[in-house]
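As they're listed, the protein sequences go chains G and P. To get our numbering, take the position in the first sequence, counting from 1, and add 1. To get our numbering, take the position in the second sequence, counting from 1, and add 515. Beta carbons are placed, not taken as given, at the ideal position from N, Cα and C, and that holds for glycine. Everything below concerns the one structure shown next.
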Amino acid sequence: MSDLTHRPSALSTSLAVLAASASLLATGLSDPAALAAGVPGVACVGAGSLRGSRRLVSLGGLALTGGVIVAGLAGGGPEVLLLGALAALVAWDVAEHGIGVGDHLGRETETARIELVHAAATLLVGVLAAGVGYGVYRGVAGGQPVTAVVFLLVGVVATVAALRRRATG
Amino acid sequence: MSPFDTNRWVGVDGATLLVGAVGVIARRPALLLASIVGLAVIAFARVDEAPEPTLDVSRELSDETPEPGDEVTVTVTVRNVGDGALPDLRLLDGVPPALETDGPARLGTALRPGAAATFGYRVTAVRGEHDWEPLRAISRGASGSRERVAEIESGTTMRCSPTLSATASLPLRGLTTQFAGRVETDVPGPGLEFYATREYRRGDPVNRIDWNRYARTGELSTVQFREERAASVVLLIDARESAYVAPRADDPNAVERGVDAAVGAFTALLDGGDQVGVAALAPTECWLPPGAGADHRARARELFASHPALSPTPGEGRFYASVALRRLRRRLPADAQVLFFSPLVDDFAARVARRIDAYGHLVTVVSPDPTADSTPGRRLARVERANRVSRLRRAGVRVIDWRDGTIDPEIERASARWSG
Chain G
2 MSDLTHRPSA LSTSLAVLAA SASLLATGLS DPAALAAGVP GVACVGAGSL RGSRRLVSLG
62 GLALTGGVIV AGLAGGGPEV LLLGALAALV AWDVAEHGIG VGDHLGRETE TARIELVHAA
122 ATLLVGVLAA GVGYGVYRGV AGGQPVTAVV FLLVGVVATV AALRRRATG
Chain P
516 MSPFDTNRWV GVDGATLLVG AVGVIARRPA LLLASIVGLA VIAFARVDEA PEPTLDVSRE
576 LSDETPEPGD EVTVTVTVRN VGDGALPDLR LLDGVPPALE TDGPARLGTA LRPGAAATFG
636 YRVTAVRGEH DWEPLRAISR GASGSRERVA EIESGTTMRC SPTLSATASL PLRGLTTQFA
696 GRVETDVPGP GLEFYATREY RRGDPVNRID WNRYARTGEL STVQFREERA ASVVLLIDAR
756 ESAYVAPRAD DPNAVERGVD AAVGAFTALL DGGDQVGVAA LAPTECWLPP GAGADHRARA
816 RELFASHPAL SPTPGEGRFY ASVALRRLRR RLPADAQVLF FSPLVDDFAA RVARRIDAYG
876 HLVTVVSPDP TADSTPGRRL ARVERANRVS RLRRAGVRVI DWRDGTIDPE IERASARWSG
C-alpha cells in the first residue's frame with residue numbers, strides 16, 4: 002500500500018479560506034474593530050485546514066464568531082451580520098469536514114464530489130434560514146423591537162435546549 | 516452496522532447561544548437575528564440521518580492470472596441500488612495484504628439512487644492466490660452529524676503462478692542415487708570429464724583406448740570418465756510465522772525470497788535430470804514427494820502458486836515443531852539431499868538444519884538475509900544470525916548467505932569456497 006497523506010484536500014482548504022475571508026470582509030467593512038478578531042480567525046482556519054488540525058479550525062471559527070459579535074456591538078446591520086455568521090459557519094464546517102475526509106481517504110484520493118455536496122448542503126440550509134429570518138425581521142421592523150427580541154430570545158433558547166436534549170438523549 | 520453520532524456539531528450551539536445572548540444583553544436585534552443561521556444548521560444536523568449504503572460492487576481485473584511482476588489494473592464500479600441518495604460516501608477497497616498498489620484504492624463520492632461511480636488502481640502481482648477483502652463503505656448524511664459503516668462483499672480472486680525459470684544450477688553434494696544426472700561423482704564410468712586411465716582390459720570399447728599412449732609406449736590403456744548421476748533433492752522452505760521478515764517494510768519477506776529461490780532451484784534441478792520434491796515448515800501441511808516429468812512440474816507450479824503454506828503473508832494456525840520434524844523425517848527418502856530455504860532468524864531453524872544433517876541427509880542452507888542495521892536491536896539480530904551461519908558452517912552444513920539482489924552471484928561465490 003502506498004502511503005497516504007492524511008491531510009485535507011486543496012479544495013477544502015481553499016473553500017474554507019474563501020468563506021472565512023467573506024466573513025472577514027462583511028464584518029470588517031461594517032466595523033474595522035472586527036478585523037482584530039477576524040484576521041486571526043482566517044489565519045487559524047487556513048492553517049488548521051492545511052495542517053489537518055481540528056483544534057486550530059475550531060479556534061478560527063470561534064474568532065470569526067467573535068468578529069461577528071464585535072461588528073454587531075458596533076451597530077452592524079442585519080444583512081452584514083447574517084452574511085458574516087453564515088460565512089463563518091460555512092468556513093468552519095468545510096474545514097472540519099475536509100479534515101475528516103483527509104483522515105479517511107487521504108489527499109491523493111478523488112474526493113471533490115463529497116466536499117462540494119457537503120458545502121452546498123450547509124450553504125443551502127444557512128441561506129434559507131438567513132432569508133426567512135431576514136424576511137421576518139424586516140416585516141416586524143416597524144413594531145416593538147425590544148419585546149419581539151425578548152420573545153425571539155426565549156424561542157431561540159428553548160429550541161436550542163430542546164434540540165440539544167434530543168441529540169444527546 | 517447501526518449509525519452513530521460523529522459529534523462534529525458539538526460547540527456550534529454554544530457559539531450560537533453566545534451570539535444570541537450578546538445580542539439580547541447589548542440590545543442588538545440584528546445580532547440575535549444572526550444566531551438564526553447557527554440554529555438552522557443545528558436543527559438540520561439533528562434531523563439528518565446517515566443513510567444505509569445499499570451498494571452493488573463489481574471489481575474487474577485486467578488479468579486474473581498474471582505473471583509475477585505484472586501490473587494489473589483493478590477497476591471497481593460501485594452502484595447505489597438503494598432508494599435514497601448517499602450524499603457523503605467514502606469507499607475503501609479491501610486490497611489483499613500481499614499486493615502493492617500504485618495509488619489510493621479509495622474514493623469519496625456522492626451517489627443518487629441508481630447512479631454509479633468508478634475508481635481504479637494498479638497492483639503489482641506477486642506469486643500466490645489473492646482474495647479481495649470486502650469493500651468498506653462509510654456513509655454520512657449531508658450534515659455529517661451521523662455516520663454508518665458497512666462492508667460489502669464482492670468475491671474477487673487473482674491467481675498468480677510463478678514462471679518456472681531456472682536459476683544458475685545449485686551445486687549439489689556428493690553421490691545419492693543411481694540414475695544418470697548432473698552430480699559429478701568420484702566413480703569412474705561413462706561421462707564427459709576426464710577421470711583417470713587404467714590398464715586395458717579385454718572387452719573395453721575400442722574408442723576408449725588411449726591411442727597416443729599406445730603410440731608412445733606400446734601399452735594399451737583405457738581412458739575413464741567421471742560418471743554423473745542424478746540426485747534426489749527435497750526443497751524445504753521455512754514458512755513459519757517468524758520467517759516472514761524483511762529488512763524494510765516494502766521489501767519482499769524472507770519466505771517470498773525463499774520460495775522464489777526454490778522455484779528457480781526446482782526448475783534447474785529438474786532440467787538437470789534430478790528428482791525434486793518440495794516441503795515446508797509451516798502451520799499448514801505441505802509435501803510434494805521427489806519426482807520428475809511434466810506432470811510433476813505442473814503439480815509443483817500449482818503448489819508454488821497457491822499452496823496456503825507458501826503464501827506471501829503468514830498463514831493461520833499454530834506450528835507444531837516436533838510433529839512437523841518427525842513427519843518430515845519419515846517422509847524424506849533415505850538418499851535425499853535437502854536444500855533448506857530459511858532466513859535463520861531463530862535457533863530453531865539452525866537446529867532443523869543440523870538435525871536433518873544428523874539423520875544422514877546432506878543439507879545445503881540457502882538463507883535470504885532479512886536483517887537490517889538501522890537500530891542497535893537490529894544490529895544485534897544481524898550478529899546473532901551471522902553467528903548461527905558460522906556455527907552451521909563449522910558443523911559441516913553448507914550455507915549460502917544471500918544478502919539481496921539475485922541469488923546467482925551468491926551461488927557462484929559460495930561454490931568457489933566449497934570443495935567436493
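Residue i at chain G interface by Cβ criterion, 8 Å
i                 : result
proline 619(P)    : yes
tryptophan 917(P) : no
arginine 842(P)   : no
isoleucine 667(P) : no
glutamine 693(P)  : Low confidence applies to glutamine 693(P): its pLDDT is 45, below 50, so where it sits in the model is not reliable, and the reading given next is rough at best. False, the Cβ-Cβ gap to chain G never drops below 8 Å.
leucine 690(P)    : Because leucine 690(P) sits at a pLDDT of 47, beneath the cut-off of 50, its placement in the model cannot be relied upon, and the point is left open.
proline 581(P)    : no
valine 838(P)     : no
isoleucine 551(P) : yes
leucine 785(P)    : no
threonine 633(P)  : no
proline 611(P)    : no
proline 518(P)    : no
proline 602(P)    : yes
Residue-level contact to chain P via CB, residue i, 8 Å cutoff
i                : result
threonine 112(G) : yes
alanine 86(G)    : yes
leucine 74(G)    : yes
proline 41(G)    : no
histidine 119(G) : yes
proline 9(G)     : no
leucine 19(G)    : no
threonine 160(G) : yes
serine 59(G)     : yes
threonine 14(G)  : no
leucine 30(G)    : no
proline 79(G)    : yes
glycine 107(G)   : yes
glycine 122(G)   : It should be noted that the sequence gives alanine, not glycine, for residue 122(G). Judged by the 8 Å Cβ criterion, alanine 122(G) is in contact with chain P.
serine 24(G)     : no
Nearest to residue i (by Cα), restricted to the options the options
i                 : options                                    : result
leucine 735(P)    : Pro720(P), Ser747(P), Ala746(P)            : Pro720(P)
glycine 832(P)    : Pro798(P), Leu895(P), Ala640(P)            : Pro798(P)
glycine 629(P)    : Met673(P), Leu570(P), Ser658(P)            : Leu570(P)
alanine 632(P)    : Val664(P), Thr590(P), Arg655(P)            : Thr590(P)
alanine 887(P)    : Ala754(P), Arg763(P), Arg637(P)            : Arg763(P)
alanine 541(P)    : Ser59(G), Ala72(G), Ser31(G), Ala38(G)     : Ala72(G)
tryptophan 933(P) : Thr921(P), Val912(P), Asp919(P)            : Val912(P)
alanine 839(P)    : Ala809(P), Phe819(P), Trp802(P)            : Trp802(P)
threonine 712(P)  : Ala730(P), Thr732(P), Phe740(P)            : Phe740(P)
valine 867(P)     : Arg903(P), Glu586(P), Asp884(P), Pro848(P) : Arg903(P)
alanine 625(P)    : Leu606(P), Asp861(P), Arg637(P)            : Leu606(P)
valine 69(G)      : Arg52(G), Ala37(G), Val95(G)               : Ala37(G)
valine 738(P)     : Trp726(P), Ala746(P), Ala730(P), Val749(P) : Trp726(P)
alanine 120(G)    : Val562(P), Val641(P), Pro612(P), Asp603(P) : Asp603(P)
threonine 6(G)    : Gly132(G), Val102(G), Gly29(G)             : Val102(G)
Beta-carbon spacing of residue i, residue j below 8 Å
i                : j                 : result
alanine 555(P)   : glycine 127(G)    : yes
glycine 62(G)    : alanine 92(G)     : yes
serine 651(P)    : glutamate 666(P)  : With the sequence shown as reference, residue 651(P) is identified as arginine, and serine is not the correct amino acid for it. Contact flag set, yes.
alanine 776(P)   : isoleucine 653(P) : no
histidine 105(G) : glutamate 116(G)  : no
glutamate 662(P) : proline 518(P)    : yes
serine 550(P)    : threonine 521(P)  : no
arginine 772(P)  : leucine 679(P)    : no
tyrosine 759(P)  : proline 829(P)    : yes
alanine 754(P)   : leucine 854(P)    : no
glutamate 644(P) : arginine 674(P)   : yes
glycine 47(G)    : leucine 65(G)     : no
glycine 136(G)   : leucine 548(P)    : no
Paired residues, beta bridge with residue i - DSSP
i                    : result
proline 924(P)       : None, per the DSSP bridge assignment.
proline 883(P)       : Trp917(P)
isoleucine 752(P)    : Ala795(P), Phe856(P)
valine 589(P)        : Leu576(P), Tyr636(P)
phenylalanine 709(P) : Phe740(P)
asparagine 595(P)    : Leu570(P)
leucine 604(P)       : Thr624(P), Ser654(P)
Residue i CB to nearest heavy atom of the ligand HEM below 7 Å
i               : result
arginine 674(P) : In the structure on display, the ligand HEM does not appear, and there are no ligands present to speak of.
**Study point:** Secondary structure, alpha helix (DSSP H): runs of 4+ residues fully inside the region 805 to 848 of chain P
**Key:** Entirely contained in the region 805 to 848 of chain P, the alpha helix (DSSP H) runs reaching 4 residues are, in chain order, 809 to 821, 836 to 846.
**Study point:** Inside the region 712 to 745 of chain P only - beta strand (DSSP E) runs reaching at least 3 residues
**Key:** 736 to 744
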